[in-house]
Amino acid sequence: MTLFYQFVFYLFGLIAVASALLFVTRKSPVAAALWLVNVMVSLAALYVMMGAHFVGAVQVLIYAGAIMVVFLFVVMLLNLGHADAISDIRSLGWRLGAGGLGLVLLAFLLSVSRAPWPRDAVLDPRPANAVAPVAGALFRDYLLAFEVSSLLLLAAIVGAVVLAKRSSRT
Amino acid sequence: MISEALFFSAVLFTIGVVGVLTRRNAIILFMSVELMLNAVNLSLVALSMLHGVGGQVFVVLVMTVSAAEASVGLAIFIAVFRHFRSVDVKDMNLLKG
């Protein structure tokens, strides 16, 4: 492992922990949900750095993209994010700090895109090989669990519709 | 790298437990459960570097279960909100003696 690789791993881990702390301490459910999205995206980065490319992509798609959107839908459907709790615009110092952090991240991104990647920093150089091992295990060794999970999803769909449906008597 | 990932996983799980124990808004409480599931996923991926790809398959299955749990749980919260007009877990005390 190169030093750069180690540094980025620690960076995303610390971002995840800091975002989780902020998530637990927020009052507004919408702000908490957005910090949780931050945790999930940095966890996806950690997954990719550990060579689990498929899990990282699925983490962004399902957790950050689908589950958190469902949470936000429910918050807005029940009108729980009140305007006084949502107004999250901080003082000038906060905005300057956020802008400075954005500039640092932009410089980081530029330096990463300019620099030639060291060969040994990339765990799996063939991206075509990222899905095949997971798929092989999922559809051979764990086929029964896969099929049962599809049944579970069907039951969850039916259950969610039945529970959330307004009863016709009221 | 595995030990660091396990450390981060433990810290995230602890934060999730603290969230479940201290928050009263039911939706944030539910999101803390999701955070705990994510922490366990991180340790599964880290250990799959040692023990083969089965850990990543487990992560996919955990994600499926967590999606099902989120949909059913939020539907329950919608039903609870219609009944109590709030999602504060302090108001749900029908079983309290």
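Top to bottom, those sequences are chains A and B. So the first sequence is numbered by our numbering: it starts at 164 and just counts up by one. So the second sequence is numbered by our numbering: it starts at -11 and just counts up by one. Glycine included, every Cβ here is placed at the ideal spot set by N, Cα and C.
- Counting only the Cα atoms, V218 of chain A lies some 13 Å from S205 of chain A.
- Around the C-beta of N81 of chain B, fewer than 16 other C-beta atoms lie within 10 Å, and the residue is accordingly described as exposed.
- By the criterion of at least three beta-carbon pairs nearer than 8 Å, the region 306 to 322 of chain A is not in contact with the region -5 to 10 of chain B.
- Between the beta-carbon of S36 of chain B and that of A215 of chain A there is about 7 Å, and that keeps the pair under the 8 Å contact cut.
- Where I320 of chain A is concerned, the enclosing alpha helix (DSSP H) starts and stops at 306 to 327.
- For a Cβ distance threshold of 8 Å, nothing in chain A lies close to L38 of chain B: the least Cβ distance comes to about 11 Å.
- Linking K78 of chain B to F72 of chain B through their CA atoms gives a straight-line distance of about 11 Å.
- In this structure, the CA atom of E310 of chain A is about 15 Å from the CA atom of V47 of chain B.
- At a cut-off of 8 Å between beta-carbon atoms, F65 of chain B makes contact with chain A.
- For F72 of chain B, there are no neighbours in chain A by C-beta distance under 9 Å, as the nearest C-beta there is about 11 Å away.
- Between the alpha carbons of F302 of chain A and G43 of chain B lies a gap of roughly 14 Å.
- When the Cα atoms are used, I225 of chain A and T165 of chain A turn out to be separated by approximately 31 Å.
- Between E22 of chain B and F172 of chain A, the beta carbon gap of about 23 Å keeps them out of contact (Cβ cut-off 8 Å).
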